[in-house]
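Numbering (this note's numbering), first residue to last: 4 to 942.
Okay, here's the thing in structure tokens:
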């Protein structure tokens, strides 16, 4: 067993039995046992009978009350029952425990109860021993207020456009640890049980839950109230329980199948559900066929919530969404919005298998939920819309995202140790989603399609309605791989994949060709986006990955075979084993590794091979290199230059070929990475040279794509549309050709419309470019006009676009007012959108320092407003840290965090990442500022 795996197992053990944690992110680490935070394993639930009565803006205000009867199995003798409850009013006198033994319902005497608020524990102490292998019924009544936050059982409101009246609804959001806000429960993912749910409410509302409704009966002692009883669920975790009381309408899909599919929305937005109605059933059937496992419930409801903290939530049989993630309005919503809706729906439906049917045992393996759902969602969208080229684009986007985030020392493993449940929210990040997805894609490609999905199907069938760890998945895939001779008998999927999930980071693969004997030496070391990292790390700091090596040559030109030709392996001490490749091409023929970005690693070629590749790209036959590999070359070259692993001249020479590049993905990779340089230079005297450089490389592609004109054809590929939007955005930002003037003219024409909310002459897919440009170069008049459109819009995707565009202003007072509005929901900025506003102001050159001051001055109020989920404070600090480059700014941030330890305790890892980002930015500027202007002017 290699050292990396031993260390990783130790971390995993600590996650279950003890770990090093700190409330103060700058304080010395102290040992805290997670046993304090976990429920005892002596009692497990089997069935919840839950009754909830909900008052929504009536004479009782906003509150809910009810009771839960939990049938529990005693695994070990115990003298208490410990479960979770938070912010619930529980009357001790009404609690009861009964032993179940045939007809004998003997009551168990209760000694006392207690709340342990630090752990959200509600403990019922008994006067007698609860006996092993016996069953008991625990009855607990409870009541609470509907939360004003966006977690637990909370209230949401909207303005009905027809009546102009404010309407209310109630809805749950229980992931990750918020079911305890709704009812007393065993709120851990491995404590699965069935749920028998009944919901009481006024008859003017509709109740929905995970399962179909069985009966709806009047409540005798409550006039005009009904009690809706739902079918009993399959065994599931508490975080997947869902219910809502609303006055929405639905549209049912007419698609073939035995699953009833309904899409719910506000009555005046119901026309926007047609696309979701089309997508949902088709993607569900695709997953059933792909996984060879039927969707186990009889119905699927999907509902658009006006106030929703996440993008969506995969509650089994009742998926909840932000409006902008479910609703689509043709002629108002853009093509990118349509893609987003399809992607989110596919992601949440994938969770019905990955997360719901088979659930991670503990949050350490959250990535088994999120990584799989992210990856197979891209397959679902590709199946639904092959003309979009969505799979390739998603593969690039996710990989580039990981390349950036996981290049920080303060990143974390995919399978991340978690002790305190307060830390769980912080791992819903790019590592769990994007890296999880990327390494699953890598595994899919090196195992092959049939082996991969047969293994997945076996895994899902083996652990259905149960919990699993990543090792269970590795076993299923290894068995299939050995059966089909895809892996040698002495190699397991676990041995390979543990190096990707149990340690942080990813490798850079170093290729040194020997042109005398046509061979090459291949080595690896961890890539850190640190301009001062040593080129060769010491053995103690040099982790190892099992790297699938695919490659092709100028003569072969095989960009279809993604299976590895060989592997970079690790020895028993987890040290890299150097690989010698022979029979490589002659000196004047190039070689390219990592075909179609099939593996999560970067490539560092020797200078001669780089020059051969540059020659190919700048020549007439540049398209002989595949599109994804052209994008990878750009990303690798610029990141290596950032670190000083090679001179910027190589990267800039390579990018020159873009003048003839027609495809979206290489441009996406180039502009994404060049934006890092833009952030470093935007407050320096070299920004002018950078602007001229951008103008030179953008002008040809801007003109080739037709400038800022609405020349889209109905059958255009989505990536072509995105290409035009991306190039136009940069062209208007950097004053290329007539982009700015055309954008201002389009916006001006819109402002002249008699009814601008009905008639919008701005081309649909270019609205993000036009709106931002007009606000950037306009004043109060343009800003207020766009805000009025936001206020009157009934389409979530349009409202989100406008909110982002309003952050583009260069008027300081407008930006300050906009930030101030995020502290007061009565202004029209919803709680769910506060981070969107802040991030877009911070991204703006004129807004960065303003946003920084706003955060520093108002962090206490921001923290209070984010309650109960303060993990979103990480979005604020990340948005600012990315633009900080000076030593003084690092010191300011360091002091800021130290002075507010209680505020940043839940996001200590994010604090470390922000500080590391600022350090890296500062080092880059120290190394490159003097020479970057000269280099840019030469190209």
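Where a beta carbon is used, it is the ideal one built from N, C-alpha and C, also for glycine.
With respect to the alpha helix (DSSP H) encompassing residue 155, which residues constitute its N-terminal and C-terminal limits? The continuous stretches of alpha helix (DSSP H) do not include residue 155, which lies in the beta strand (DSSP E) extending over residues 155-163.
If contact is defined by three or more beta carbon pairs under 8 Å, each pair taking one atom from either stretch, is the stretch 878-890 in contact with the stretch 854-868? Judged by Cβ distances under 8 Å, the stretch 854-868 makes contact with the stretch 878-890, as three or more pairs qualify.
Spatial neighbours of residue 455 within its chain, please: C-beta separation below 6 Å, excluding the five flanking residues on both sides. 447, listed in sequence order.
First through last residue of the alpha helix (DSSP H) which encompasses residue 773: In the DSSP assignment, residue 773 falls within the unbroken alpha helix (DSSP H) covering 770-780.
Give the single residue among 144, 78 and 699 whose Cα lies nearest to the Cα of residue 100. Checked all of 144, 78 and 699; the closest Cα to residue 100 is 144.
For residue 306, which residues does DSSP report across the bridge? Residue 306 is bridged to 267 and 323.
Going by C-alpha to C-alpha distance, which of 216, 747 and 171 sits closest to residue 269? Closest by alpha carbon: 171.
Is residue 779 closer than 9 Å to residue 813 when the C-beta atoms are compared? With contacts defined by Cβ atoms closer than 9 Å, residue 813 and residue 779 form a contacting pair.
Taking the alpha-carbon positions, what's the residue 137 to residue 104 distance? Near 8 Å, if we compare the C-alpha coordinates of residue 104 and residue 137.
Distance, Cα to Cα, residue 541 vs residue 840? With a pLDDT of only 47 at residue 541, under 50, the local geometry of the prediction cannot be trusted, and the value read off the model is given with reservation. Straight-line Cα distance between these residues: approximately 44 Å.
Using 8 Å for Cβ pairs, my map puts residue 617 next to residue 555. What's the rounded Cβ distance? About 17 Å separates the Cβ atoms of residue 617 and residue 555, ruling out a contact at the 8 Å cut-off.
Is the distance from the Cβ of residue 254 to the Cβ of residue 280 below 9 Å? Result yes, Cβ atoms of residue 254 and residue 280 sit closer than 9 Å.
Where residue 301 falls, given that 16 or more other Cβ within 10 Å makes a residue buried: Flag for residue 301 reads exposed.
Does the beta-carbon of residue 418 have 16 or more other beta-carbons within 10 angstroms, so that it is buried, or is it exposed? Classification of residue 418: buried, given that the 10 Å Cβ count is 16 or more.
Just the Cα atoms here: how many angstroms apart are residue 426 and residue 357? Cα to Cα, the separation comes out at about 22 Å.
Alpha carbon to alpha carbon, how far is residue 385 from residue 807? Whole-angstrom Cα-Cα distance: 28 Å.
Looking only at its chain, what residues have a beta carbon closer than 6 Å to the beta carbon of residue 252, apart from the 5 residues adjacent to it on each side? Closer than 6 Å at Cβ, skipping near neighbours: 270 and 273.
Looking only at DSSP bridge pairs, what is residue 3 linked to? Here the chain covers residues 4 to 942 and nothing more, so residue 3 does not appear.
DSSP beta-bridge partners of residue 820: Note: residue 820 sits in no beta bridge, so no partner.
Do residue 352 and residue 322 have their C-beta atoms within less than 9 Å of each other? Contact annotation: residue 352 and residue 322 have beta-carbon atoms nearer than 9 Å.
Any chance the stretch 358-376 sits against the stretch 330-338, with 3 or more Cβ pairs inside 8 Å? Not touching, per the Cβ criterion.
Three-way DSSP call (helix, strand, coil) for residue 929 in this model: The answer is helix: DSSP assigns residue 929 an H, G or I state.
So does residue 62 have its beta carbon nearer than 8 Å to some heavy atom of the ligand FAD? As far as ligands go, the structure on display features none, and thus does not contain the ligand FAD.
In chain order, what residues of the same chain lie with their CB nearer than 7 Å to the CB of residue 489, ignoring the 5 residues before and after it? Correct list, in chain order: 450, 451 and 454.
For residue 57, is the classification buried or exposed, using 16 other Cβ atoms within 10 angstroms of its Cβ as the cut-off for buried? With 16 or more other Cβ atoms within 10 Å, it is buried.
Euclidean distance between Cα positions of residue 658 and residue 610: Going by C-alpha positions, residue 658 is about 16 Å away from residue 610.
Buried or exposed: residue 890, going by 16 or more other Cβ atoms within 10 Å of its Cβ? Residue 890 comes out exposed.
Residues near residue 131 in its chain [Cβ-Cβ closer than 7 Å; skip 5 each side]: For residue 131, the CB contacts under 7 Å within the same chain, skipping 5 residues up- and downstream, are 111 and 112 in chain order.
In chain order, what are the residue ranges of uninterrupted alpha helix (DSSP H) at least 4 long that sit wholly in the stretch 619-700? Taking only runs of at least 4 residues, the alpha helix (DSSP H) segments lying wholly in the stretch 619-700 are 630-646, 651-658 and 667-684.
For the 8 Å Cβ check, are there 3 or more pairs between the stretch 39-46 and the stretch 83-100? Result yes; three or more Cβ-Cβ pairs closer than 8 Å.
Using 8 Å for Cβ pairs, my map puts residue 654 next to residue 644. What's the rounded Cβ distance? Rounded to the nearest angstrom, the Cβ distance from residue 654 to residue 644 is 4 Å, consistent with a contact under 8 Å.
Using the C-alpha atoms, what's the distance from residue 173 back to residue 928? Going by the C-alpha atoms only, they are around 51 Å apart.
Assign residue 421 to buried or exposed, taking buried as 16 or more other Cβ atoms, counted over all protein chains shown, within 10 Å of its Cβ. Residue 421 is classed as buried because its beta carbon has at least 16 other beta carbons within 10 Å across all chains shown.
Residue 529 in three-state terms, based on DSSP: Of the three classes helix, strand and coil, the one that applies to residue 529 here is strand, per DSSP.
Spatial neighbours of residue 304 within its chain, please: C-beta separation below 7 Å, excluding the five flanking residues on both sides. Within its own chain, the residues whose Cβ lies closer than 7 Å to the Cβ of residue 304, once the five positions on either side in sequence are excluded, are 211, 265, 267, 320 and 321, listed in chain order.
May I have a chain-ordered list of the beta strand (DSSP E) segments no shorter than 3 residues that lie completely inside the stretch 189-231? Taking only runs of at least 3 residues, the beta strand (DSSP E) segments lying wholly in the stretch 189-231 are 197-205, 209-212 and 216-221.
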